[in-house]
Amino acid sequence: MNTTSPQARALSGIGVKIAGTGMYVPPGVITNGDLEALMDTSDEWIVQRTGISKRHRALPGQSLRHLAVEAGRAALGDAGLSIQDVDLLILATVGAETTCPATACRVVDDLGGGNAGALDLVAACSGFVYSMNLAHNMIRCGSMKRVLVIGAEHLTQFCEYTTRGRGTAILFGDAAAGAVFEACSDPSRGILAQAMHSDGSGWKDLYLPYQERDFPEDAEDRDMIGVLHMNGRAVFKFAVKTFCDLIDDTLKKASIPADDVDMFVCHQSNVRILDAARERFGIPAEKLYVNIERYGNTSAASVPICLDELRKAGRVRDGQKVMFVAFGGGLTWASSLWQL
Ligand code: UT7
Numbered sequence: 036m037n038t039t040s041p042q043a044r045a046l047s048g049i050g051v052k053i054a055g056t057g058m059y060v061p062p063g064v065i066t067n068g069d070l071e072a073l074m075d076t077s078d079e080w081i082v083q084r085t086g087i088s089k090r091h092r093a094l095p096g097q098s099l100r101h102l103a104v105e106a107g108r109a110a111l112g113d114a115g116l117s118i119q120d121v122d123l124l125i126l127a128t129v130g131a132e133t134t135c136p137a138t139a140c141r142v143v144d145d146l147g148g149g150n151a152g153a154l155d156l157v158a159a160c161s162g163f164v165y166s167m168n169l170a171h172n173m174i175r176c177g178s179m180k181r182v183l184v185i186g187a188e189h190l191t192q193f194c195e196y197t198t199r200g201r202g203t204a205i206l207f208g209d210a211a212a213g214a215v216f217e218a219c220s221d222p223s224r225g226i227l228a229q230a231m232h233s234d235g236s237g238w239k240d241l242y243l244p245y246q247e248r249d250f251p252e253d254a255e256d257r258d259m260i261g262v263l264h265m266n267g268r269a270v271f272k273f274a275v276k277t278f279c280d281l282i283d284d285t286l287k288k289a290s291i292p293a294d295d296v297d298m299f300v301c302h303q304s305n306v307r308i309l310d311a312a313r314e315r316f317g318i319p320a321e322k323l324y325v326n327i328e329r330y331g332n333t334s335a336a337s338v339p340i341c342l343d344e345l346r347k348a349g350r351v352r353d354g355q356k357v358m359f360v361a362f363g364g365g366l367t368w369a370s371s372l373w374q375l
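So, in structure tokens, the structure goes:
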């Protein structure tokens, strides 16, 4: 667990603010009714077990890069900036189009070019929160002035829309969203406490095999190459415990009670996981945002989509304390508590 102590913040003299946010959701839609026609499932089961009613799907020809570029353009526009004003782009995704080059390099080019640093970051559903911590820390220490972070996923390409793929097909959707982080002169603004963790012993609970050797030895469904494999029950158990422990640790490090947090912006993986965290800390419903019914689980895009919707609705604004929390494949988990 890392914190940014008041002393460290004062010493650096640099604060960090969110200068703009934006999102892009592709026009294709997969409803629970559509899934009923493709596999053995039901709208009732999906809504009860997950809270999801629909998810979006990229159009044929729309790649991960297209989604990321649209979200990046929206975030830069909201900040009144162009890509040439940015020192670094971090693209959080599990679906980089290529590993060489990093997809982020081509996103910078598509956004108008220039010479911003660019890298892809893989931390599955924790990717945006990992990236916002890194962006903040680089700005706080003075090595960067502005960092654009985009979380983008094209997960429907990794789902199988038949009964044997239903464990993941009902959950995942395509989307992208981003935020511009910028240095400011008020050192009290920025992260109060943050965390980034992993436990690789749990890798088999959520993985994406690209070739035969990527499967665990005891795997069934070895023909399902390029399809997300998930042990839903194991991830669920891990998530409920980790979510609560992480919120608890982050509050303790910042020495504030849950009541002092104005908004919890959490990875949207399953409404039951969010409800468990809300109940444990007595968080009122209006302080823990839920939009999973409209987008499903969009992995690294889910936290910045929530952030953008909340900012645009005026529910997240300067002066507030906001906690970001995510967990996912790796296994990974991360938090970021901000004084905006
Ligand atoms: O983003 C981070 C990564 N992912 C997650 O956070 C996901 C975490 N896990 C989950 O959200 C849940 O485990 C799922 C939604 C994936 C599954 O819900 P569950 O309550 O854990 O269901 P289950 O796997 O324990 O299955 C319960 C029953 C089984 O039937 P029996 O054995 O009780 O007769 C399944 O065969 O539901 C059946 N089932 C389904 N039925 C209709 C499993 N999937 C489906 C389905 N439609 N899609």
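The sequence shown begins at 36 in the working numbering and counts up by one.
Using N, Cα and C, we set each Cβ at its ideal position, and we do this for glycine too.
Boundaries for residue 355: no alpha helix (DSSP H) harbours it, and the DSSP string shows neither H nor E there.
The distance from the Cβ of residue 158 to that of residue 365 is about 6 Å, consistent with a contact at the 8 Å cut-off. With a threshold of 16 other beta carbon atoms within 10 Å, residue 257 falls short and is exposed. Here residue 287 is exposed, its C-beta having fewer than 16 other C-beta atoms within 10 Å. For the pair residue 116 and residue 54, the CB atoms are nearer than the 9 Å cut-off. According to the DSSP assignment, residue 273 belongs to no beta strand (DSSP E) but to the alpha helix (DSSP H) extending over 267–289.
A residue is called buried once 16 or more other Cβ atoms fall within 10 Å of its Cβ, and residue 260, having fewer, is exposed. In this chain, the beta strand (DSSP E) harbouring residue 56 covers 50–59. The stretch 98–108 and the stretch 311–330 do not touch, with fewer than three beta-carbon pairs separated by less than 8 Å. With a cutoff of 8 Å, residue 362 counts as near the ligand UT7, since its C-beta is closer than that to a heavy atom of the ligand. At a Cβ-Cβ threshold of 9 Å, residue 85 and residue 206 count as neighbours.
By the 16-neighbour rule on beta-carbons within 10 angstroms, residue 199 is exposed.
Residue 184 and residue 224 have their alpha carbons spaced roughly 18 Å apart.
Contact between residue 164 and residue 369 holds: their C-beta atoms lie close to 4 Å from each other, under 8 Å.
Contact between residue 211 and residue 59 is confirmed by a C-beta separation of about 5 Å, below the 8 Å threshold. Assignment of residue 82 by DSSP, reduced to helix, strand and coil, places it in the helix class. When DSSP states are grouped into helix, strand and coil, residue 245 belongs to the coil group.
A check of alpha carbon separations from residue 295 across 335, 243 and 372 identifies 372 as the nearest.
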